[in-house]
Amino acid sequence: MKHKDCPKHDGEGGSTARRLCACLLVFNFVLLLVILLVWAILRPHKPRFVLQDVTVYAFNASVPNFLTTNIHVTISSRNPNHRIGVYYDKLDIYAIYRNQQITLRSSIPPSYQGHKEVDVWSPFIYGTEVPVAPFNSMTLTQEQAAGTIFLMVKIDGRVRWKVGTFTSGRYHLYVKCPAYIIFSKSTATAAQESAASSDGAVVKLQMLQKCSVAV
Numbered sequence: 279m280k281h282k283d284c285p286k287h288d289g290e291g292g293s294t295a296r297r298l299c300a301c302l303l304v305f306n307f308v309l310l311l312v313i314l315l316v317w318a319i320l321r322p323h324k325p326r327f328v329l330q331d332v333t334v335y336a337f338n339a340s341v342p343n344f345l346t347t348n349i350h351v352t353i354s355s356r357n358p359n360h361r362i363g364v365y366y367d368k369l370d371i372y373a374i375y376r377n378q379q380i381t382l383r384s385s386i387p388p389s390y391q392g393h394k395e396v397d398v399w400s401p402f403i404y405g406t407e408v409p410v411a412p413f414n415s416m417t418l419t420q421e422q423a424a425g426t427i428f429l430m431v432k433i434d435g436r437v438r439w440k441v442g443t444f445t446s447g448r449y450h451l452y453v454k455c456p457a458y459i460i461f462s463k464s465t466a467t468a469a470q471e472s473a474a475s476s477d478g479a480v481v482k483l484q485m486l487q488k489c490s491v492a493v
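In terms of my numbering, the sequence shown opens at residue 279 and continues consecutively.
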């Protein structure tokens, strides 16, 4: 005896599957719409960074085309949002001079920053005999002898936003903090002679310099 397929039952099964798919699509659309609405209403603001102070332990540009540095910086970060937290997943800090990186990258430990919270980091940025372009090396030596060097302290990293139980994907974070290092004749000579492991600060400057932030 041959079994005969029932078109009615096959049609009902296909209709149920289509209804289930439609419900899932509608649910996902509504969920995404709610997230976007909450995001638009809360309007997350970028963290605010301030370069508070800079302490120079070594700044030796006496060897042509090479630079040895040991700089301690203090940077604060404030989350200006009322209802949004910030995850700092990866942050690297370093110094540049005339668009050339002159120190190694130092890592800032990952952290979570709650609503309206302020974090303060105090990393060292340094480098031993870092190659410097000839024209930059010459300008560095001249500016240090003149008494002022303009550096840019940069932070590159990844951040995530937290709204309630929802956490966003990762976003690139770019921070630029201008730093004017002022040397006297005596401190310029001491900075040239100081080793990267020196315990005595050559120059300590209070900055309170606002940084530009892009996300």
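Note that CB positions come from ideal geometry on N, CA and C, so glycine has one too.
Buried/exposed call for residue i, threshold 16 Cβ in 10 Å
i: Val396; result: exposed
i: Ala339; result: buried
Inter-residue spacing [alpha-carbon to alpha-carbon] between residue i and residue j
i: Phe461; j: Ala411; result: 22 Å
i: Lys432; j: Leu345; result: 18 Å
i: Met430; j: Glu421; result: 15 Å
i: Val312; j: Ser446; result: 14 Å
i: Gln378; j: Pro322; result: 32 Å
i: Pro401; j: Ser354; result: 11 Å
i: Ser385; j: Val334; result: 19 Å
i: Phe337; j: Tyr449; result: 34 Å
i: Ile427; j: Tyr375; result: 9 Å
i: Leu298; j: Gly363; result: 36 Å
i: Arg361; j: Gly442; result: 8 Å
i: Ser293; j: Ala300; result: 11 Å
i: Tyr404; j: Gly392; result: 30 Å
i: Tyr390; j: Val437; result: 10 Å
Residue i in three-state terms, based on DSSP
i: Phe305; result: helix
i: Ala300; result: helix
i: Val334; result: strand
i: Ala396; result: The question names Ala, but residue 396 is Val in the sequence shown. In the structure shown, Val396 sits in a strand (DSSP, three-state: E or B).
i: Val312; result: helix
i: Thr443; result: coil
Start and end residues, alpha helix (DSSP H) containing residue i
i: Ala492; result: It is not in any alpha helix (DSSP H) - Ala492 instead sits in the beta strand (DSSP E) that spans 490 to 492.
Endpoints, beta strand (DSSP E) assigned at residue i
i: Thr417; result: Element bounds for Thr417: not the beta strand (DSSP E) but the alpha helix (DSSP H), 412 to 424.
i: Pro456; result: 449 to 460
i: Gly405; result: 402 to 409
- Query: Going along the chain, which unbroken runs of the beta strand (DSSP E) with 3 or more residues stay wholly within the segment 338 to 388?
  - Reply: 344 to 356, 363 to 375, 384 to 386
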